[in-house]
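Enquirer: Residue numbers (the numbering used here): 42 to 1127.
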């Protein structure tokens, strides 16, 4: 039987190879994979890119998903493919397109995929049957049977699964080798504090990172042919220089004899003489600062690196395929710049352990899109308010979109009719609701379900989808922040509206906002959030430029000035101009680790180089010099330094009034000069000036002035603080960063940054020496970063962070919560547990909160605590987030699953349980000090045994003494789903305290005679079955007993219903809401 299956598979594979070898893709998809013949016209409109015309034809389709092919004379580059995609999507939003050379086995498949809500083009290229073999497995996944009836979302899901690059596995494999090579490379470095041990020698480790960064950058660009057209340039030059040793030449070692000159006099020099080119070949001038003489190179004249370091490193590098695009090959060892972000940040985490964790793309995308896009739209609204009135074309456009801007994950199965046994439980008005919903805790079939869903969750999602769709169709959504509240696809909406609006003024205002928006990550690390911002802004720039060209063609007076900036200045391409504009104009970052800032720059530079192809006719090989962003991405301590004029004036209080005024005038004068110098420096780069002398002089002048100003401010700050350490030591340990000086124009003239996003470090204040004298009370570093950010944010700015979830409830963050609540704006908070899965990978096990601030309004929104499995990650930020309005009571931010139950939790009727304590004559109620799927609270102590079987006392057991009269009620109440739901809303997702139990109001004295009788009966049944629920967990040889009170929910559901009848007019409805909440959170039920 097994051999038969194998033979069948081999036969299919042979057929696949035959079709591929003759480029008969139509037969492959229709006859073998059971796609459908296209209907209607199959020829797409001609597409012309860079003087090449592409005739693309549809050869198969399935539910609107198109298979296209195109015969070409040369295979298009990845940059051209992205341009083709922009044109194709006007006629085919979802497709696979195959480019092929006639009579040759050289094909390129491209497939647009959604990579954390960003459209990317994945490429698969091969020129032999062997290299195409791995495609066979993908084709199997995209095949159908005669019985299959997929919808378009199912097909998109299949293609996504087949073509998305699995960077997670590649990252781990690469990093394990990279880590060893980094350590090994450092051993071969000499001349940097050689008397210090390798692990303690920070400068040597730093320089190893600098060199590896430079060399990896070179590996990427050599594979594109930018280094003398040799894709193995570094390896070949290493071998060449080694062959020169011993001869009468200047080459003695690869590092000093070749690399240093390649970096400083080649990649960092605008002109190369004949002598240079005879040795190094044709090398582009890159600029960017990466290959300039490094600080360590200036400080250590004897610095050298042995050839053996490069031999080992290049052996490792050559095991991988280096691409600057999303490309899949049969090797499964494809490295692109996105992957490097994970690798570098992991390296920093391993070395520094500074509480800085790499933020995955889904988080940076969610935070980025919900701050950057609302800010841009709000900026347009300030210029032209009528565009945003309720009946305007903008909101009509949304109203006519139906459910287009509801994420696909949210729509999964929503248009499928429900099975009768599930549908019968929908109507809450009919009798026997519990009986009709008896199947609602069962796993939902795949046709309807997102990963791990049970019917309760599926029904709730369907109802949410229906409600949001209705709001859209009814025209009820008329504010841009509604896109956050209802979690709509704001990126797609804005891009579509820009592409379709006939209003040239809207384009003008939006493009102006794009060019002026300032986006800051104050603890930027290796640039994860800056990269996300770049990816969000790029398509917006492009669509605006395309629309400006259209309007200008119709009326040459429109957008004349805006288009002049682009014309004749950017020889590479428009996309390069877009990236350069964004990086210079829009992105700013600060980090305390200089290595992190170097990595951030590297990643941004690689993004730019990726869109350029080698042009041998051009003196610089078609590559415009990279922008120098040393003044955009800075190294320093975000928390130490003057952030505002007010802070500076505070330290100028003491001393002679005349001296004070003179000093203040001098400082302000210097800051204004620096601001002008920075503007000049930026203009030279944006104007694409060929005069390197101007550029060098502008940078030198800026550095000189900034250095002098920082010296003045550092001395002033040092004199104002109480410290026993010397000035030099203080500079080294505190690393002051004066925002007011470094970004004077933004802070002083613009009143702050427009968008501030990021993931601040999570480090206990007790470990940070430079915060010891700060009056602000907060137990963690991230709280101080929030305080600083609110000083740096402009009054109309948007802001979002991912922090720890204790922001919501811990008494150590009361002052931070007060600061956030003072902001005149709307606040959204969403919460994420760490078990079974957490937002950060590896050993980082923290619970998180993502909060978003938007100017205007005073609404407060929150979500429930998300407990989720790894399979749910893909839909976590598109289908799982549901915001509920809440009333902030200046104490805690509730993790609320539904608005209608907040009144139950915050009920003021009756008496607080704390008043029912009786420490003298009361009866003990014991509680386990931790909770998760249930709360273990009982009138008896669960047994525990040591390794010899002897009964022992439990250490993790607390107790409260309660008045006898109310004891039975509280026993039932505290073990039911109602109380568990309250704990999940206000607790910390782990600890159970006395306060958690007693902080609840209930009118116990109102309980009727009949209800009391029922409750007593339920209590007796509870006590009778309680001992049967004991479960034991082995912990260090000790068997620890716990009463699993979830096994008694059939009892406490009845008591909960009675209790709810005293707190609300609709107890059954509230109980169903609570059951839905628990169903999402209780992991064992999955």
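Every residue gets a Cβ at the ideal spot worked out from N, C-alpha and C, and that includes glycine.
Remember, predicted model here, so these are calculated numbers, not experimental data.
Identify the continuous alpha helix (DSSP H) that holds residue 168 and give its terminal residues.
Expert: The residue labelled residue 168 in the question sits at position 127 within the chain shown. That residue, residue 168, is in no alpha helix (DSSP H); it is neither H nor E in DSSP.
Enquirer: Specify whether the region 558-576 and the region 636-649 touch according to this definition: at least 3 beta carbon pairs, one from each stretch, less than 8 Å apart.
Expert: Yes: at least three Cβ pairs fall under 8 Å.
Enquirer: Helix, strand or coil: which one does DSSP assign to residue 568?
Expert: Mapped onto the chain shown, residue 568 falls at position 527. If DSSP states are grouped into helix, strand and coil, residue 568 belongs with coil.
Enquirer: By a C-beta neighbour count over all protein chains shown, 10 Å radius and 16 as the cutoff for buried, is residue 86 buried or exposed?
Expert: The count along the chain shown starts at 1 and reaches residue 86 at position 45. By the 10 Å Cβ count, residue 86 comes out exposed.
Enquirer: Measure the Cβ-Cβ separation of residue 793 and residue 833 and say whether it is below 9 Å.
Expert: If you number the chain shown from 1, residue 793 lands on position 752. If you number the chain shown from 1, residue 833 lands on position 792. Yes, the Cβ-Cβ distance between residue 793 and residue 833 is below 9 Å.
Enquirer: In this structure, does DSSP put residue 540 in helix, strand or coil?
Expert: On the chain shown, residue 540 is found 499 positions in, with the first residue counted as 1. Reduced to three states, the DSSP call for residue 540 is helix.
Enquirer: Per the DSSP calculation, residue 869 is bridged to which residue(s)?
Expert: Start at 1 with the first residue of the chain shown, and residue 869 comes out as number 828. According to DSSP, which records beta bridges pairwise, residue 869 is partnered with 893 and 902.
Enquirer: Thinking C-beta only, is residue 846 closer than 9 Å to residue 1029?
Expert: Indexing the chain shown from 1 puts residue 1029 at position 988. Indexing the chain shown from 1 puts residue 846 at position 805. Yes, Cβ-Cβ distance for residue 1029 and residue 846 is below 9 Å.
Enquirer: Under the rule that 16 or more other beta-carbon atoms within 10 Å means buried, what is residue 498, buried or exposed?
Expert: Counting from 1 along the chain shown, the entry for residue 498 is found at position 457. Flag for residue 498 reads buried.
Enquirer: Who does residue 958 pair with in a DSSP beta bridge?
Expert: Along the chain shown, one-based indexing puts residue 958 at 917. According to DSSP, which records beta bridges pairwise, residue 958 is partnered with 1003.
Enquirer: What are the residues that DSSP puts in a beta bridge with residue 805?
Expert: Within the chain shown, the letter at position 764 stands for residue 805. Note: residue 805 sits in a beta bridge opposite 821.
Enquirer: Classify residue 979 as helix, strand or coil using the three-state DSSP reduction.
Expert: To locate residue 979, count along the chain shown from 1; it is residue 938. Three-state DSSP puts residue 979 in a strand.
Enquirer: At which residue ranges does the region 54-96 contain complete beta strand (DSSP E) runs of 3 or more residues, listed in the order of the chain?
Expert: List check, beta strand (DSSP E) in window: 88-90 and 93-95.
Enquirer: For residue 621, which residues in the same chain have their Cβ closer than 6 Å to its Cβ, ignoring the five residues on either side in sequence?
Expert: As a working mapping, residue 621 is identified with position 580 in the chain shown. Once the five neighbours on either side are set aside, the close Cβ partners of residue 621 are 668.
Enquirer: Measuring straight from C-alpha to C-alpha, what distance separates residue 510 and residue 213?
Expert: Along the chain shown, one-based indexing puts residue 510 at 469. Along the chain shown, one-based indexing puts residue 213 at 172. Taking the straight line from one Cα to the other gives about 41 Å.
Enquirer: In the region 562-637, which residue ranges form an unbroken beta strand (DSSP E) of at least 3 residues, counting only runs that do not cross its ends?
Expert: The qualifying runs are 628-632.
Enquirer: Rounded C-beta distance between residue 638 and residue 802? I'm assuming under 8 Å.
Expert: Residue mapping note: residue 638 aligns to position 597 of the chain shown, counting from 1. Residue mapping note: residue 802 aligns to position 761 of the chain shown, counting from 1. About 15 Å separates the two Cβ atoms, so there is no contact after all.
Enquirer: Which residue's Cα is closest to the Cα of residue 232: 321, 181, 297 and 997?
Expert: Within the chain shown, residue 232 is the residue found at index 191, counting from 1. Nearest C-alpha to residue 232: 297.
Enquirer: Can you check which of these residues, 1051, 798 and 1050, is closest to residue 570 by C-alpha distance?
Expert: Position 529 of the chain shown, counting from 1, holds the residue named residue 570. Nearest of 1051, 798 and 1050 to residue 570, Cα basis: 798.
Enquirer: Spatial neighbours of residue 15 within its chain, please: C-beta separation below 8 Å, excluding the five flanking residues on both sides.
Expert: In the structure displayed, the chain extends from 42 to 1127; residue 15 sits before or after that span and is not available.
Enquirer: What are the boundary residues of the alpha helix (DSSP H) that residue 319 is part of?
Expert: By 1-based counting over the chain shown, the position of residue 319 is 278. Looking at the DSSP string, the run of the alpha helix (DSSP H) that includes residue 319 is 315-321.
Enquirer: Would you check if the region 957-967 and the region 1000-1015 touch, i.e. whether three or more CB-CB distances between them fall below 8 Å?
Expert: Verdict: yes, contact present.
Enquirer: By the three-class DSSP mapping on this structure, what secondary structure does residue 331 have?
Expert: Position 290 of the chain shown, counted from the first residue, corresponds to residue 331. DSSP places residue 331 in coil when its eight states are reduced to three.
Enquirer: Counting contacts by CB-CB distance shorter than 9 Å, is residue 453 in contact with chain B?
Expert: Among the protein chains of the structure shown there is no chain B, as only one such chain exists.
Enquirer: Have a look at residue 579 and residue 120 and give me their C-alpha separation to the nearest angstrom.
Expert: Taking the chain shown and counting its residues from 1, one reaches residue 579 at position 538. Taking the chain shown and counting its residues from 1, one reaches residue 120 at position 79. Their backbone Cα atoms lie some 14 Å apart in a straight line.
Enquirer: Should residue 281 be labelled buried (16 or more other beta-carbon atoms within 10 Å of its own) or exposed?
Expert: In the chain shown, counting from the first residue as 1, residue 281 sits at position 240. Label assigned to residue 281: exposed.
Enquirer: Looking only at its own chain, which residues have a Cβ that is under 7 Å from the Cβ of residue 557, when we skip the five neighbours before and after it?
Expert: Within the chain shown, numbered from 1, the residue matching residue 557 stands at position 516. Counting only Cβ-Cβ distances below 7 Å, and skipping sequence neighbours, we find nothing.
Enquirer: Note down, in chain order, each residue of its chain lying with its Cβ closer than 6 Å to the Cβ of residue 1041, except the 5 sequence neighbours on either side.
Expert: As a first step, residue 1041 must be located in the chain shown, where it is residue number 1000. Around residue 1041: 954.
Enquirer: Between the region 655-667 and the region 708-725, can you find at least three pairs of beta-carbon atoms closer than 8 Å?
Expert: At 8 Å Cβ cutoff, the stretches do not touch.
Enquirer: State yes or no: is the C-beta of residue 225 within less than 9 Å of the C-beta of residue 350?
Expert: The residue you call residue 225 lines up with position 184 of the chain shown. The residue you call residue 350 lines up with position 309 of the chain shown. Contact flag set, yes.
Enquirer: So, do the region 459-470 and the region 163-172 have three or more beta carbon pairs nearer to each other than 8 Å?
Expert: Too few Cβ pairs lie closer than 8 Å, so no.
Enquirer: Just the Cα atoms here: how many angstroms apart are residue 220 and residue 228?
Expert: Start at 1 with the first residue of the chain shown, and residue 220 comes out as number 179. Start at 1 with the first residue of the chain shown, and residue 228 comes out as number 187. Rounded to whole angstroms, residue 220 to residue 228 spans 13 Å at the Cα level.
Enquirer: Excluding sequence positions up to five away, which residues of its chain have a Cβ less than 7 Å from the Cβ of residue 216?
Expert: In the chain shown, residue 216 corresponds to position 175, counting from 1. So the list reads 384 and 387, once near-sequence residues are dropped.
Enquirer: In whole angstroms, what separates the C-alpha of residue 549 from that of residue 129?
Expert: Here residue 549 is taken as the residue at index 508 of the chain shown, counted from 1. Here residue 129 is taken as the residue at index 88 of the chain shown, counted from 1. Whole-angstrom Cα-Cα distance: 26 Å.
Enquirer: Looking at the strands, I want to know which residues DSSP matches up with residue 98.
Expert: Translated into the one-based positions of the chain shown, residue 98 becomes position 57. Beta-bridge pairing links residue 98 to 84 and 110.
Enquirer: Can you list, in chain order, the residues of its chain whose CB lies under 7 Å from that of residue 533, leaving out five sequence neighbours each side?
Expert: Numbered from 1 along the chain shown, position 492 holds the residue referred to as residue 533. Within the same chain, residue 533 has close Cβ partners 446.
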